[in-house]
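From first to last, the protein sequence lines are chains A and B.
Residues in the first sequence are numbered consecutively from 1386, following this note's numbering.
Residues in the second sequence are numbered consecutively from 505, following this note's numbering.
Don't be surprised by glycine CBs; every beta carbon is placed ideally from N, CA and C.
First up is the structure itself, then whatever we jot down about it.
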Amino acid sequence: MQISTKEVISLIGLTSVIFLIAPLFLILYVLSYNRRKKQHRDDTILMQKNFETELLKTQMEVQEQTLKTVAYDLHDNIGQLLSLTTITLSSVDVTDTQNTAEKLALVEDLTLRSIKEVKALSRLLHGEEIVSRGLASAIDFELEWLRRSDKFEVVFNYDHDLTQLDNAKETILFRLFQEIINNIIQHARATAIHINLNQANGSCILEITDNGTGFNVDEALSRKSGMGLHNMVKRSAMINGTANIRSTPGKGSTITIQIPNL
Amino acid sequence: MAYLSINTFTECVCFLAAFVFLRKDKSLAWKMFIPFLLLTCATELGGIYMRHHLRVNNYPIYNIYLLFECGFTSLFFYYLYRPYHYPVKWLITWYAAFLALYLGELIHTNFSGFVSVTASVMSVVFVLASLYYYYLKLKDERFEPLLYSASFWWVSGALFFYFGSTACNNFLDYLAKYESITYNNSIRYIIFNVLDIIMYTFWSYAFICRYRQRK
Chain A
1386 MQISTKEVIS LIGLTSVIFL IAPLFLILYV LSYNRRKKQH RDDTILMQKN
1436 FETELLKTQM EVQEQTLKTV AYDLHDNIGQ LLSLTTITLS SVDVTDTQNT
1486 AEKLALVEDL TLRSIKEVKA LSRLLHGEEI VSRGLASAID FELEWLRRSD
1536 KFEVVFNYDH DLTQLDNAKE TILFRLFQEI INNIIQHARA TAIHINLNQA
1586 NGSCILEITD NGTGFNVDEA LSRKSGMGLH NMVKRSAMIN GTANIRSTPG
1636 KGSTITIQIP NL
Chain B
505 MAYLSINTFT ECVCFLAAFV FLRKDKSLAW KMFIPFLLLT CATELGGIYM
555 RHHLRVNNYP IYNIYLLFEC GFTSLFFYYL YRPYHYPVKW LITWYAAFLA
605 LYLGELIHTN FSGFVSVTAS VMSVVFVLAS LYYYYLKLKD ERFEPLLYSA
655 SFWWVSGALF FYFGSTACNN FLDYLAKYES ITYNNSIRYI IFNVLDIIMY
705 TFWSYAFICR YRQRK
C-alpha cells in the first residue's frame, strides 16, 4: 500500500502536535509537584512553629512549677522556722541567763536552718540551669523536695553514663516528669514512687511507677481533660517519642516515656 | 514585507525583551542573551535576504548559526546545572561530539546542504538537557517558586521548541523535497511558527522573571 505525500505530511503534523502536548503535561507535572513541595515546606514550618510554641509553654510550666514549690516552701518551711525564731526570741527573759543562752542557741540553729533553706530555694529558682545540668540531676533535685515531705518512699535509679539529649528534648521530658509526679501527688494517694531513667536501643527511657489507687487508662484517655494524659502523649510525640501508660484500678500505675537520642 | 514574518517578529520581540530586562543583569550568562538573540534576528533576516533578493540557498547562514546556537544553549544549560556541581567535562565532551558530527556532515554533503542530522542530534541532546534540569528540580529538596523562576521558563521554552521540532527535523529532507515550492503554507512553516511563538514567549517571560528577581 502506497502512502501519499499528503498523508505523510499530515502524520508529521500530528506527531508534532503530540510532541507539543507531551512537554505541556511534563511542565504541569513539575509545577504540581513543586506545589506539593511548597505545601510540605509550609507544613514543616508550621510544625516547627508549633514545636517552638509548645517548648516555650513547657519552659513556662517548669518555671511555674518551680514558683509553686517556692511558695509552698516559703509558707510551710521557712515561714515556720522564722515564726519559731520570733516566738523563741520574744520569750527570752534577759534576767534568766541560763535559759537565755539555751534560747539563743536555738535561735541560732533556727536561723542557720533558714539560711540553708533560702539557699536551696535560690538554687531551685534557677529552673533552666537545673535542666542544663542534665536530666538525671534535675530529676534528683526535684525529688529532693518530695523526699523532705516524708509522705512518699522515693527511689530513683539512673544510668550514670546516660547520653545527654538536646536541650529542648530534656526540657520537655523534665516537664513530663513534673506532670506525672504532680498527678501522683494530687490523685494517686500513693506511698511509694519508683523512678528509673536509663538508656536502651538508642533511646532514653523514663519510667515512673507508683503504688497508688490506679485508674482506667482508656476511660481517662477518652475524657477530654484526661488528667493531662493527652498532653503527655502529644508532647512525647512532638520529640519523636512515645508515652506508654499502664494502670489497673487499685494496683497503681506505670508510665514509660521513650525518647530517641537522635 | 518578506522581512516581516511571525518568526522574525517573535524573535525581534524576544530580543527587545532581553535588551530591556537583561541589559543591567549581573550574570554574564543571562546578559549573553542580548547578543545571541541579536544574532538570531540577524540570521533570520539574512536568510530572508539571501532567499528573496540574492535568490541563493540560505543553508550556509543557518549552518553557521547552528554553531552559535549549540555553543550558547549548551553553555547556558551548564550554567543552570552548575549549582548542582555538574562536571565541566560533560560540556567539553558534548562540544567535541557536536563538532565532529557537524564537520562530518558538512563534508558528507560537500558543504551544500543544511546539517539536519547534527541539528536533530542537537535537539535530542537539548531535550535530554531540559529533562535533566526538571529531574534536578524535582530532586532538590529546597522549594523554589517555579512560576516565577526565570531558568524554569527558559528551559520550558527550550523543551517545547526542541521536542516539538523533532518530528520536523527527522523528516526535514522529505519535507524540503515536497514542500519547497509552497514553503509559506507548508506544515514545516506552520509548526516552526507555532514553536517559535511558544519558545520566544516563554523566554520573554523568563527575562521578565529574571528582571523581577533582580529588583
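Check: Round the Cβ separation of A662 (chain B) and R714 (chain B) to the nearest angstrom and send it over; I've been treating them as touching at under 8 Å.; Outcome: Their Cβ separation, rounded to whole angstroms, is 15 Å, which puts A662 (chain B) and R714 (chain B) out of contact at 8 Å.
Check: Here's a check: name, in chain order, each residue in its chain whose Cβ is nearer than 7 Å to the Cβ of V619 (chain B), leaving out the five neighbours to either side.; Outcome: N567, L570, Y606, E609 and L610
Check: Any idea what DSSP makes of I1624 (chain A), helix, strand or coil?; Outcome: coil
Check: Could you compute how far the alpha carbon of Y582 (chain B) sits from the alpha carbon of T597 (chain B)?; Outcome: 12 Å
Check: With distance defined between alpha-carbon atoms, name the residue in A:M1617, A:I1570, A:T1473 and A:V1540 nearest to L1598 (chain A).; Outcome: Correcting the residue identity first, residue 1598 (chain A) is Thr in this sequence and not Leu. It is A:I1570 whose Cα lies nearest to the Cα of T1598 (chain A).
Check: CB-CB under 7 Å to S708 (chain B), same chain, minus the five flanking residues each way: which ones, in chain order?; Outcome: V517, C518 and A521
Check: Going along chain A in order, which residues have a C-beta closer than 9 Å to the C-beta of I695 (chain B)?; Outcome: I1397, G1398, S1401, V1402 and L1405
Check: Closest to L651 (chain B) by CA distance: which of B:A710, B:A600, B:L642 and B:L595 is it?; Outcome: B:A710
Check: Given a cut-off of 8 Å, decide if L1469 (chain A) and L1520 (chain A) are closer than it, judged by their beta-carbon atoms.; Outcome: no
Check: Apply the 10 Å Cβ neighbour rule to D700 (chain B) and answer buried if 16 or more other Cβ atoms are within range, or exposed otherwise.; Outcome: buried
Check: Give every residue of the same chain whose Cβ lies closer than 8 Å to the Cβ of S660 (chain B), excluding the five residues on either side of it in the sequence, and list them in chain order.; Outcome: S634 and F706
Check: Quick one: grab the DSSP three-state call for V1539 (chain A).; Outcome: strand
Check: In chain order, what residues of the same chain lie with their CB nearer than 8 Å to the CB of C545 (chain B), ignoring the 5 residues before and after it?; Outcome: T512, E515, C516 and F519
Check: Which residues mark the beginning and the end of the alpha helix (DSSP H) in which P1645 (chain A) is found?; Outcome: Element bounds for P1645 (chain A): not the alpha helix (DSSP H) but the beta strand (DSSP E), S1638 to P1645.
Check: At what residues does the beta strand (DSSP E) containing E1592 (chain A) begin and finish?; Outcome: S1588 to D1595
Check: Measure the Cβ-Cβ separation of N1646 (chain A) and L1550 (chain A) and say whether it is below 8 Å.; Outcome: yes
Check: Would you report the Cα separation of L542 (chain B) and E1439 (chain A), rounded to the nearest angstrom?; Outcome: 59 Å
Check: Give the range of the beta strand (DSSP E) segment to which L1582 (chain A) is assigned.; Outcome: A1577 to A1585
Check: Could you name the residues of the same chain whose beta carbon sits closer than 6 Å to that of N1649 (chain A), not counting the 5 residues immediately before and after it, in chain order?; Outcome: No answer is possible for residue 1649 (chain A): the residues shown for chain A start at 1386 and end at 1647.
Check: Just to confirm, is the Cβ distance from V1539 (chain A) to R1532 (chain A) under 8 Å?; Outcome: yes
Check: In this structure, how does DSSP classify S1648 (chain A) when only helix, strand and coil are distinguished?; Outcome: The requested residue 1648 (chain A) does not occur in the structure, where chain A is confined to residues 1386 to 1647.
Check: Helix, strand or coil: how does DSSP classify Y1414 (chain A) here?; Outcome: helix
Check: Inspect the beta-carbon positions of Y668 (chain B) and I695 (chain B) and report whether they are closer than 8 Å.; Outcome: The question names Tyr, but residue 668 (chain B) is Gly in the sequence shown. Contact flag set, yes.
Check: Which residues, taken in chain order from the stretch 1412-1423 of chain A, show a beta carbon closer than 7 Å to some beta carbon of chain B?; Outcome: I1412, V1415, L1416, Y1418, N1419, K1422 and K1423
Check: Along the alpha helix (DSSP H) that carries G550 (chain B), what are the first and last residues, could you check?; Outcome: F537 to H556
Check: Using the three-state DSSP reduction, which class does K1434 (chain A) fall into: helix, strand or coil?; Outcome: helix
Check: Using a Cβ distance threshold of 8 Å, determine whether the stretch 1587-1597 of chain A contacts the stretch 1473-1484 of chain A, with at least three qualifying pairs required.; Outcome: no
Check: Note down the Cα distance separating T1436 (chain A) from L1409 (chain A), rounded to an integer number of angstroms.; Outcome: The question names Thr, but residue 1436 (chain A) in the sequence shown is Phe. Their backbone Cα atoms lie some 40 Å apart in a straight line.
Check: Could you check where the alpha helix (DSSP H) with V629 (chain B) kicks off and where it finishes?; Outcome: S620 to K643
Check: How big is the Cα-Cα spacing for L1431 (chain A) and Q1465 (chain A)?; Outcome: 49 Å
Check: To the nearest whole angstrom, what separates the beta carbons of I1590 (chain A) and Q1643 (chain A), a pair I think is in contact under 8 Å?; Outcome: 5 Å
Check: Counting only the same chain and skipping the five closest in sequence on each side, list residues whose C-beta sits under 8 Å from that of I510 (chain B).; Outcome: N697, D700 and I701
Check: On the DSSP letters alone, give me the boundaries of the alpha helix (DSSP H) that L1462 (chain A) sits inside.; Outcome: Residue identity differs from the one stated: residue 1462 (chain A) is Asn in this sequence, not Leu. N1462 (chain A) -> no alpha helix (DSSP H), and no H or E assigned at all.
Check: Considering only residues of the same chain and omitting the five flanking positions on each side of F576 (chain B), which have a CB-CB separation below 6 Å?; Outcome: F540
Check: Report all residues from its chain with a CB closer than 8 Å to the CB of V592 (chain B); omit the five preceding and five following residues, and keep chain order.; Outcome: Y582
Check: Does I1394 (chain A) come within less than 8 Å of chain B when only Cβ atoms are used?; Outcome: yes
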